[in-house]
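Novice: Have a look at this one before I ask anything.
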Amino acid sequence: MEQETGGCQPLKRKASITRTTKETDITVTLNLDGTGMSDIHTGIGFFDHMLEGFARHGLFDLTIQGSGDLHVDGHHMAEDTGIVLGQAIAQAVSDKKGIRRYGYFILPMDDALALSAVDLCGRPYFEFECSFPTPMIGGLDSQLIREFFYAVSYSAAMNLHLKMLSGLNSHHMAEAMFKAFAKALDMATGRDERIDGVLSTKGSL
Ligand SMILES: [Mn+2]
3 MEQETGGCQP LKRKASITRT TKETDITVTL NLDGTGMSDI HTGIGFFDHM
53 LEGFARHGLF DLTIQGSGDL HVDGHHMAED TGIVLGQAIA QAVSDKKGIR
103 RYGYFILPMD DALALSAVDL CGRPYFEFEC SFPTPMIGGL DSQLIREFFY
153 AVSYSAAMNL HLKMLSGLNS HHMAEAMFKA FAKALDMATG RDERIDGVLS
203 TKGSL
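Position one of the sequence shown corresponds to residue 3 (the numbering used here), numbered consecutively onward.
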């Protein structure tokens with residue numbers, strides 16, 4: 003049961019964004035305080051599988067409805083989905099008051115071990131260290147995983163480091179990376195009641 007009002011009721015941390023270009027048409031809804039429910043349709047099955055894992059393990063509610071020029075390839079869909087998801091993250095964290103700001107996780111999945119570290123600092127920065135053993139993972143070009151996360155990082159203005167510490171199987175590696183990012187982002191966007199205002203000596207992020 004959601005409450006609309008109430009003096010001590012925390013703000014709703016949700017976003018809904020539609021972005022339409024000549025290449026793609028993407029709508030994302032995101033609730034940072036969700037339970038991991040998702041409904042995702044990008045037209046690329048493996049990409050949907052990754053985004054469903056991201057929602058489930060970050061305990062975000064996430065819907066993504068995307069259509070676009072998949073007859074060209076998956077590049078525009080992966081990149082633009084990253085742009086819109088990043089915008090939704092930025093909108094949902096709003097002024098960043100009371101949140102932890104930093105988050106990190108090291109997530110194992112069988113042979114794969116993925117590290118993710120996030121700072122919602124307002125300054126986009128991106129580091130990515132991973133080479134997938136196969137060019138394709140299902141219907142997703144493995145190069146597009148970097149493109150997706152790069153787009154998320156700059157459009158949410160976050161510092162994002164992703165490193166594959168070990169791995170043999172591309173499916174496991176990609177999935178470990180998406181889940182590690184989810185857990186790190188859940189930590190960074192999570193509230194800590196000890197934090198008064200914004201967690202920065204500058205007073206803003
Ligand atoms: Mn899987």
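The C-beta atom is built at its ideal place from N, Cα and C for all residues, glycine as well.
The structure displayed is predicted, hence computed values, not measured ones.
#1: In terms of DSSP beta bridges, what is Ile66 paired with?
#2: What's the call for Tyr152, buried or exposed, on a 16-neighbour Cβ count within 10 Å?
#3: Among Glu81, Ile28, Lys98 and Ser40, which has the Cα closest to the Cα of Val200?
#4: Grouping DSSP H, G and I as helix and E and B as strand, with all else coil, what is Ala178?
#5: Exposed or buried, what is His173 when buried is set at 16 or more other beta-carbons lying within 10 Å of its beta-carbon?
#6: Given a cut-off of 8 Å, decide if Thr26 and Ser96 are closer than it, judged by their beta-carbon atoms.
#7: Just to confirm my understanding: we take Leu170, look at its own chain, exclude 5 residues before and 5 after, and list those with CB closer than 8 Å. What are they?
#8: Residue ranges of each alpha helix (DSSP H) run of no fewer than 4 residues wholly in the stretch 67 to 150, ordered along the chain?
Specialist: Walking through what the data contain:
#1: Val30 and Ile42
#2: buried
#3: Lys98
#4: helix
#5: buried
#6: no
#7: Asp113, Ala114 and Pro135
#8: 77 to 95
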